[in-house]
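Take a look at the structure set out below.
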Amino acid sequence: MLREITLGQYYPVDSLLHRLDPRTKLFGTLVYIVTLFFADHVLAYAAAGVFLVLAIRLSHVPVKFMVRGLKAIVFLLLISVSFNLFLTPGTPIFQIGFLKMTWEGLVIAVSMAVRLVLLVLGSTLLTLTTTPNQLTDGLERSLGFLRKIKVPVHEVAMMMSIALRFIPILIEETDKIMKAQMARGADFESGGLIKKAKAMVPLLVPLFISAFRRATDLAMAMEARCYRGGEGRTKMKPLRYERRDRLTYLFYLAYLVFSLFVKIAL
Numbered sequence: 005m006l007r008e009i010t011l012g013q014y015y016p017v018d019s020l021l022h023r024l025d026p027r028t029k030l031f032g033t034l035v036y037i038v039t040l041f042f043a044d045h046v047l048a049y050a051a052a053g054v055f056l057v058l059a060i061r062l063s064h065v066p067v068k069f070m071v072r073g074l075k076a077i078v079f080l081l082l083i084s085v086s087f088n089l090f091l092t093p094g095t096p097i098f099q100i101g102f103l104k105m106t107w108e109g110l111v112i113a114v115s116m117a118v119r120l121v122l123l124v125l126g127s128t129l130l131t132l133t134t135t136p137n138q139l140t141d142g143l144e145r146s147l148g149f150l151r152k153i154k155v156p157v158h159e160v161a162m163m164m165s166i167a168l169r170f171i172p173i174l175i176e177e178t179d180k181i182m183k184a185q186m187a188r189g190a191d192f193e194s195g196g197l198i199k200k201a202k203a204m205v206p207l208l209v210p211l212f213i214s215a216f217r218r219a220t221d222l223a224m225a226m227e228a229r230c231y232r233g234g235e236g237r238t239k240m241k242p243l244r245y246e247r248r249d250r251l252t253y254l255f256y257l258a259y260l261v262f263s264l265f266v267k268i269a270l
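All you need for my numbering is the position in the sequence shown, starting with 1, plus 4.
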């Protein structure tokens, strides 16, 4: 189950999406997320779906690998759908005791589920096609204007990049700890939700110890290499926009205009 989390992983393959400037991909992800949040029409969701399908095709990332990451949010998806189905007032479809499903709740639940799935897939595609170093450089250049108000842009970008990089590492570490404890007789599968939650508690102590140890090792390694932040540092591979990036921005603009048109006109 843990290995099915794809957020934070990088899928190394040669594709048009991999070759795009990280700033282009960051901006595209931001536009995609914004349009998902104000989408309230079938056409808007259809446009977001076409946008995502096209991006996945251009990334050459297997669809099965992308969909596998959705298994990690099934529980969250079920909770959000259930709450919207049975707690939204409106025209009832059926009622069992105090539980009442309404047509308004059904519409909200379906739109919430579609929005969450598209959001997770779109965000995951960014990390699958962009290395942590590229993400750091792209964030630093994109947020460079904040330096004028004394925001430590380089440090913020570095922290976000390290956090994303640690996600698959900690997942792998958790998997190893679970297998080691299962070999000693621990049971993580049987029982109800509360029992499973209690069974996960013994994982937290070794996992936190491992995370703090890795963080300490990383800090010592950066200090040993005289790391002093981004002031005065140069890049081995400076970011430059290519023709494909400019064309991609035009595509983003067309998608954003269409989404706004659907929002306003429909």
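Backbone N, C-alpha and C fix where the C-beta goes; we use that ideal spot for every residue, glycine too.
- Task: With a threshold of 16 other CB atoms inside 10 Å of the CB of Asp191, please say whether the residue is buried or exposed.
- Result: The residue is exposed, with fewer than 16 neighbouring Cβ atoms inside 10 Å.
- Message: Give the list of continuous beta strand (DSSP E) stretches no shorter than 3 residues that lie fully inside the segment 84-148.
- Response: Counting whole runs of 3 or more residues, the segment 84-148 contains the beta strand (DSSP E) stretches 96-100 and 103-106.
- Message: Measuring only the C-alpha atoms, how far is Thr39 from Cys230?
- Response: Taken atom to atom, the span from the alpha-carbon of Thr39 to that of Cys230 is near 42 Å.
- Message: Pairs of beta-carbons, one from the segment 32-47 and one from the segment 150-170, closer than 8 Å: are there three or more?
- Response: No, they do not touch.
- Query: Terminal residues of the continuous alpha helix (DSSP H) containing Gln3?
  - Reply: Residue 3 lies beyond the residue range present for the chain, which begins at 5 and ends at 270; the question has no answer from this structure.
- Other residues of its chain near Met116: CB distance less than 6 Å, five sequence neighbours each side excluded: So the qualifying residues of the chain are Ser84 and Asn88.
- Do Gly73 and Thr128 have their C-beta atoms closer together than 7 Å? Taking a C-beta distance under 7 Å as the contact criterion, Gly73 and Thr128 qualify as a contact pair.
- Message: Give me the residue from Met226, Val124, Leu91 and Leu174 with the minimum Cα distance to Glu108.
- Response: It is Leu91.
- Query: So is Thr140 buried or exposed if we call it buried at 16+ other beta carbons inside 10 Å?
  - Reply: So Thr140 ends up on the buried side.
- Backbone CA spacing between Ser86 and Ser165 [nearest angstrom]: Taking the straight line joining both Cα atoms gives about 34 Å.
- Query: Expressed to the nearest angstrom, what Euclidean distance is found between the alpha-carbon atoms of Ala215 and Asp221?
  - Reply: So the two alpha carbons sit approximately 10 Å from each other.
- Could you give the uninterrupted runs of the alpha helix (DSSP H) lying entirely in the segment 38-76, keeping only those of 4 residues or more? Listed in chain order, the complete alpha helix (DSSP H) runs (minimum 4 residues) inside the segment 38-76 are 46-63 and 67-72.
- Query: With a CB to CB cut of under 6 Å and the five nearest residues on each side skipped, what residues in its chain are close to Lys183?
  - Reply: Nothing meets the Cβ criterion.
- Just confirm the distance between the C-beta atoms of Thr28 and Thr252, as a whole number of angstroms; I'd bet it's less than 8 Å. The beta carbons of Thr28 and Thr252 sit about 5 Å from each other, so the pair counts as a contact at 8 Å.
- Task: Measure from the alpha carbon of Leu58 to the alpha carbon of each residue in Tyr256, Glu193, Pro16 and Val266, then state which is nearest.
- Result: That would be Tyr256, whose Cα lies nearest to the Cα of Leu58.
- Item | C-alpha gap between Ala223 and Lys267, whole angstroms | C-alpha of Ala223 to C-alpha of Lys267: approximately 47 Å in a straight line.
- Message: Using 7 Å as the threshold, is the C-beta distance between Thr135 and Tyr245 below it?
- Response: No. Outside cutoff.
- Among Leu62, His158, Gly189 and Pro206, which residue has its Cα nearest to the Cα of Arg237? Answer by Cα proximity: His158.
- Item | Start and end residues, alpha helix (DSSP H) containing Lys241 | Element bounds for Lys241: n/a, residue is neither H nor E.
- Message: Helix, strand or coil for Phe255? Go by DSSP, reduced to three states.
- Response: Residue state for Phe255 is assigned as helix, using DSSP reduced to three classes.
- Message: Whole angstroms are fine: how far does the CA of Ser146 sit from the CA of Met162?
- Response: Annotation: Met162 to Ser146 spans about 13 Å, alpha carbon to alpha carbon.
- Message: Let's test the definition: count the other Cβ atoms within 10 Å of the Cβ of Ser194 and tell me whether it reaches 16, buried, or not, exposed.
- Response: Per the 10 Å Cβ criterion, exposed.
- Which residues mark the beginning and the end of the alpha helix (DSSP H) in which Arg23 is found? That run of the alpha helix (DSSP H) goes Leu20 to Arg23.
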